[in-house]
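Numbering (our numbering), first residue to last: 9 to 123. Below is one structure, written out as structure tokens; comments come after it.
Shown next, in the form of structure tokens:
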């Protein structure tokens, strides 16, 4: 398994696992022009606190899918740091996504805690 795939697998397992395994710290790299996405199941009314620091600006969003539509309750452009809490209005899989529009690899590290 190459390093990029291993990073996605490990970080994805951290966030996409069961409620206990999903919470915790993460660290991964995003190549120039690429993105990384991690999804977590949240029940209606449940929240997740998240924070991250990136080595360069990234576009960040929290989104979920409604049929063929993609809904973005959180969207930030060109940010290096964010700390917030998101509360689900409906039970669904919610995805945190970081996009690197820069010319060099970006390292992202942070933490997610479901509440």
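Cβ coordinates follow ideal geometry from the N, Cα and C atoms, glycine included. These numbers come from a predicted model, not from an experiment.
Limits of the unbroken beta strand (DSSP E) element including residue i
i	result
residue 118	114-122
One or two residues paired with residue i in a DSSP bridge
i	result
residue 95	55
residue 102	48
residue 109	According to DSSP, which records beta bridges pairwise, residue 109 is partnered with nothing at all.
residue 88	Residue 88 is not bridged to any residue.
Cβ-based neighbour list, residue i, same chain, cut-off 7 Å, excluding 5 preceding and 5 following
i	result
residue 49	101
residue 107	43, 66, 67
Beta-carbon proximity of residue i to residue j, cut-off 8 Å
i	j	result
residue 38	residue 114	yes
residue 82	residue 94	yes
residue 80	residue 118	no
residue 35	residue 122	no
residue 40	residue 86	no
Spatial neighbours of residue i in its chain, beta-carbon cut-off 6 Å, leaving aside the 5 residues before and after
i	result
residue 104	46, 70
residue 99	51, 52
residue 88	62, 65
> In chain order, which continuous runs of the beta strand (DSSP E) of length 3 or greater are located wholly inside the region 20-78?
Replying inline: Those beta strand (DSSP E) runs which fall completely within the region 20-78 and span 3+ residues are 32-38, 43-50, 55-74.
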